[in-house]
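With the working numbering applied, the sequence shown corresponds to residues 4 to 219, in that order. Virtual Cβ for every residue (Gly too), placed ideally from N, Cα, C. For reference, the structure discussed in these notes is given below.
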Amino acid sequence: FPSHDIGSKREIVPRSYRTISLQKATMQQFLGSVPKEASVRKIRDGSVISLPLPEGGFGQFKILESPIMEEGLAEQFPEIKTYVIQGIDDPTATGRIDQTEKGFRACIYSERGRIFIDPYWNDNDSVSMSYYTRDYLNASKLKQLACGVLGNNSPIALRTASLSLAERPTGTVLKIYRLALACTGEYAAAVSMAPITTNKVMAAMVTSVNRVNSVY
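Listed below in structure tokens is the structure:
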């Protein structure tokens, strides 16, 4: 296991995962050079990033900066950045990335499964872990969730659901939706280790909304 300071805690503990040492300065420099989604016609015009896969090796992705915060709000939190990715070697892979005060995070959806990249420790983002979400079950929710929607679960239907961004039913037009999001004191305490700060809470909220965007 990666070394850590006494008192560091882990919230996400999958049954199987891969740990990676994150070079923060190099990653931040690279992400700062990524073109914005609104400045190019297609994601294939973006930069290229390599992301670690749980089973070993790296996946190649095209990446564009994809802001999800209102312009005025984003100016108050310039350290929070969000990105959209599209698989190169795996065309069915799509996802989102966010870089915040709480570290580097990514979620990837593909035919092989759903992959998350999160900091290994709650309070230290120098080490990350890559894992399939099927290997993680929150200890506080031991009951497995089941989808109650009836439909066609054939391989053809699954492949259709994993088509690349350019082939999705929503088309290639960038759609922007407005969202008003608030939080309670309980939420702030749950997502922010002491001392609780606005920046930490905002980072957690952006991560959640960014991952929702990877679905829609």
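Exercise for the section: Out of Ala96, Leu34, Thr29, Leu67, point me to the one whose CA is closest to lysine 45's CA. Expected result: Residue 45 sits at position 42 when you count from the first residue of the sequence shown. Among Ala96, Leu34, Thr29, Leu67, the Cα nearest to that of lysine 45 belongs to Leu67.
Practice task
Mind checking who methionine 132 pairs with in its DSSP beta bridge?
Solution key: As a first step, residue 132 is located in the sequence shown; it is residue number 129 there, counting from the start. DSSP lists Thr22, Asp121 as the bridge partner or partners of methionine 132.
Exercise for the section: Could you check the C-alpha separation between arginine 47 and arginine 99 for me, to the nearest Å? Expected result: Working through the sequence shown from its first residue, we reach residue 47 at position 44. Working through the sequence shown from its first residue, we reach residue 99 at position 96. Cα-Cα distance, rounded: 15 Å.
Exercise for the section: Would you decide whether alanine 169 is buried or exposed? Buried here means 16 or more other CB atoms lie within 10 Å of its CB. Expected result: Sequence index remark: in the sequence shown, residue 169 carries index 166 (1-based). Per-residue confidence for alanine 169 stands at a pLDDT of 45, beneath the threshold of 50, marking its modelled position as unreliable; no derived number is given.
Handout entry: N-terminal and C-terminal residue of the alpha helix (DSSP H) that arginine 181 is part of
Key = Position 178 of the sequence shown, counted from the first residue, corresponds to residue 181. Note, arginine 181: premise wrong, no alpha helix (DSSP H); not H, not E.
Problem - Backbone CA spacing between alanine 206 and leucine 56 [nearest angstrom] - result: For this step, residue 206 is matched to residue 203 along the sequence shown. For this step, residue 56 is matched to residue 53 along the sequence shown. Approximately 24 Å, taken between the alpha carbons.
Practice task
Count the other CB atoms, across all protein chains shown, that sit within 10 Å of the CB of arginine 18; report buried if there are 16 or more and exposed otherwise.
Solution key: Along the sequence shown, one-based indexing puts residue 18 at 15. With fewer than 16 other Cβ atoms inside 10 Å of its own Cβ, arginine 18 counts as exposed.
Practice task
Could you tell me if lysine 178 is buried or exposed, where buried requires 16 or more neighbouring beta carbons within 10 angstroms of its beta carbon?
Solution key: Translated into the one-based positions of the sequence shown, residue 178 becomes position 175. Lysine 178 is exposed by the Cβ-count criterion.
Problem - Buried/exposed call for glycine 35, threshold 16 Cβ in 10 Å - result: By one-based count along the sequence shown, residue 35 stands at place 32. By the neighbour-count rule (16 or more Cβ atoms within 10 Å), glycine 35 is not buried but exposed.
Exercise for the section: Flag this pair as yes or no: are the beta carbons of lysine 12 and asparagine 125 separated by less than 7 Å? Expected result: Residue numbering aside, residue 12 sits at position 9 when the sequence shown is read from its first letter. Residue numbering aside, residue 125 sits at position 122 when the sequence shown is read from its first letter. Here lysine 12 is near asparagine 125, since their CB atoms are less than 7 Å apart.
Practice task
Check threonine 97 in the structure and name its three-state DSSP category.
Solution key: Mapped onto the sequence shown, residue 97 falls at position 94. Strand.
Exercise for the section: Consult DSSP for glycine 188 and reduce its assignment to one of helix, strand or coil. Expected result: By one-based count along the sequence shown, residue 188 stands at place 185. Reduced to three states, the DSSP call for glycine 188 is helix.
Exercise for the section: Return helix, strand or coil for lysine 105, following the three-state DSSP convention. Expected result: Reading the sequence shown from its first residue, position 102 is the one you call residue 105. Looking at lysine 105 - three-state DSSP - the assignment turns out to be coil, as it is neither helix nor strand.
Handout entry: Of the residues Val218, Val215, Met208, Ser217, the one placed nearest lysine 105, counting alpha carbons only
Key = Mapped onto the sequence shown, residue 105 falls at position 102. For lysine 105, the nearest C-alpha among the options comes from Met208.
Exercise for the section: Could you check if threonine 200 is buried or exposed, using at least 16 other CB atoms within 10 Å of its CB as the buried criterion? Expected result: As a first step, residue 200 must be located in the sequence shown, where it is residue number 197. Per the 10 Å Cβ criterion, exposed.
Exercise for the section: Just mark isoleucine 159 as buried or exposed, buried being the case when its beta carbon has 16 or more other beta carbons within 10 Å. Expected result: As a working note, residue 159 is residue 156 in the sequence shown. Summary for isoleucine 159: the model assigns pLDDT 48, below 50, so the residue's position carries little reliability; its value from the coordinates is reported in the next sentence. Label assigned to isoleucine 159: exposed.
Practice task
Assign glutamate 14 to one of three DSSP states: helix, strand, or coil.
Solution key: Position 11 of the sequence shown holds residue 14. Here glutamate 14 sits in coil by DSSP.
Handout entry: Residue span of the alpha helix (DSSP H) that contains threonine 62, given as start and end
Key = Your numbering for residue 62 matches position 59 in the sequence shown. Just to set this straight, residue 62 is glycine in the shown sequence, not threonine. Unbroken run through glycine 62 is the beta strand (DSSP E), 61 to 68; no alpha helix (DSSP H).
Problem - N-terminal and C-terminal residue of the beta strand (DSSP E) that glycine 90 is part of - result: Sequence index remark: in the sequence shown, residue 90 carries index 87 (1-based). Taken as a continuous stretch (DSSP letters only), the beta strand (DSSP E) holding glycine 90 covers 84 to 90.
Problem - Where isoleucine 52 falls: helix, strand or coil (DSSP) - result: Along the sequence shown, read from residue 1 onward, the residue named residue 52 stands at position 49. DSSP places isoleucine 52 in strand when its eight states are reduced to three.
Practice task
Let me know if cysteine 110 comes out buried or exposed under the rule of 16 or more other beta-carbons within 10 Å of its beta-carbon.
Solution key: Taking the sequence shown and counting its residues from 1, the one referred to as residue 110 is at position 107. Counting Cβ neighbours within 10 Å, cysteine 110 comes out buried, since at least 16 surround it.
Practice task
Kindly give me the distance between the Cβ atoms of arginine 108 and isoleucine 118, rounded to whole angstroms, as I take these residues to be in contact under 8 Å.
Solution key: Position 105 of the sequence shown, counted from the first residue, corresponds to residue 108. Position 115 of the sequence shown, counted from the first residue, corresponds to residue 118. In this structure, arginine 108 and isoleucine 118 do not form a Cβ contact; the two beta carbons are roughly 11 Å apart against a cut-off of 8 Å.
Problem - Neighbourhood of glutamate 258 by C-beta, 6 Å cutoff - its chain only, sequence neighbours within 5 removed - result: Residue 258 is absent from the structure shown; the chain starts at 4 and stops at 219.
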